[in-house]
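The structure appears right after this line, and notes come after that.
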Amino acid sequence: GNSVTQMEGPVTLSEEAFLTINCTYTATGYPSLFWYVQYPGEGLQLLLKATKADDKGSNKGFEATYRKETTSFHLEKGSVQVSDSAVYFCAPSPQGAQKLVFGQGTRLTINP
Amino acid sequence: NAGVTQTPKFQVLKTGQSMTLQCAQDMNHNSMYWYRQDPGMGLRLIYYSASEGTTDKGEVPNGYNVSRLNKREFSLRLESAAPSQTSVYFCASTDFSGPPPYEQYFGPGTRLTVT
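Chains as they are written, first to last, in my numbering: chain A, 42 to 153; chain B, 7 to 121.
Dropping the structure here:
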């Protein structure tokens with residue numbers, strides 16, 4: 042079946058640290074891949090996306106590369122800020138399915 | 007554009023009461039979704055509507071009903087609320103008429119407590 046495994050949280054880092062949040066997935070066919078972010082008290086919003094192997098999605102200093110051989114889509118940022126504190130969700134969309142499959146989310150806290 | 011709107015923002019119910027959560031989108035999307043979010047469990051799909059006039063069960067449909075009133079509106083009804091339905095509910099929409107990827111747009115959520 043379709044599933045997502047995300048890095049367990051919570052993750053706490055200091056400002057300007059390097060961030061990696063791991064995500065691996067199993068999904069039907071050739072999925073599109075998404076990272077969503079949820080700031081406190083808000084709904085989810087798209088952070089970045091990728092549609093084919095070796096595509097790199099990027100936004101707000103975050104990056105993730107579609108790795109088909111390892112079925113992974115790890116989220117990275119070189120220097121985090123306090124404003125990046127949020128919950129991050131990895132979500133593949135299986136090919137031909139009009140749905141997203143969500144991971145459990147990773148809560149990130151950045152300390153000044 | 008308001009995007010996806012949800013009402014109410016907060017609601018407290020007693021066990022056995024009923025209520026309807028409202029969702030509307032102004033992006034002319036054909037597909038709409040209802041999710042619930044519980045601590046440590048991510049988002050789980052309750053029901054979805056691929057197009058006006060169709061609805062399908064998701065992962066956790068028990069205890070809920072939905073109505074796709076028109077292309078804009080998709081409501082979620084709890085007929086007899088239970089404490090296990092205490093959660094944050096999100097509505098989302100997307101448009102599958104073009105090529106992928108199909109980003110879903112989310113509403114701000116409804117925080118429901120059942121006592």
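The beta carbon of each residue, even a glycine, is placed where N, CA and C say it ideally should be.
- The C-beta separation of B/Y95 from B/L27 comes to about 6 Å, placing the pair in contact by the 8 Å criterion.
- The beta carbon of A/Y77 falls within 9 Å of a beta carbon belonging to chain B, placing the residue at that interface.
- Closest option to A/A127, judged by alpha-carbon separation, among A/W76, A/T46, A/L141: A/W76.
- Every unbroken stretch of the beta strand (DSSP E) spanning 3 or more residues and falling wholly within the region 116-150 of chain A is given here in chain order: 116-118, 127-134.
- Under the DSSP assignment, A/F103 falls in the beta strand (DSSP E) whose first and last residues are 103-106.
- For the pair B/T121 and B/Y108, the CB atoms are not nearer than the 9 Å cut-off.
- A contact is defined here as three or more CB-CB pairs under 8 Å, and the region 52-59 of chain A meets this definition with respect to the region 115-126 of chain A.
- Contact check for A/P133 and A/L89: beta-carbon distance about 13 Å, past the 8 Å limit, so the pair fails to qualify.
- Judged by DSSP in its simplified three-state form, B/S90 adopts helix.
- Here B/S37 really is in contact with B/A56; their C-beta atoms are around 5 Å apart, less than 8 Å.
- Residue contact check for A/T106 against chain B: no CB pair falls below 9 Å.
- If the five residues before and after A/T150 are omitted, its C-beta is found closer than 8 Å to the C-beta atoms of P51, V52, T53, L54, S126, all from its own chain and listed in chain order.
- Sequence-distant Cβ neighbours of B/E79 in its own chain, meaning closer than 6 Å and more than five residues away, are A30.
- By DSSP's assignment, A/F59 forms no beta bridge with any residue.
- Beta-bridge analysis with DSSP links A/L89 to A/W76.
- A Cβ-Cβ contact shorter than 9 Å links B/L118 with B/L19.
- Chain-order list of chain A residues neighbouring B/Y54: Q139, K140, by C-beta distance under 9 Å.
- Under DSSP, B/V66 forms no beta bridge with any residue.
- In this structure, the alpha-carbon of A/T112 lies about 25 Å from that of B/Q43.
- It is roughly 6 Å from the alpha-carbon of A/Q86 to the alpha-carbon of A/V78.
- If you ignore the 5 residues before and after B/Y54, its C-beta comes within less than 8 Å of the C-beta of S37, M38, Y39, W40, T61, D62, G64, all in its own chain and listed in chain order.
- A/P81 and A/R148 have their C-alpha atoms some 10 Å from each other.
- Judged by their CB atoms, B/T116 and B/T13 are nearer to each other than the 9 Å cut-off.
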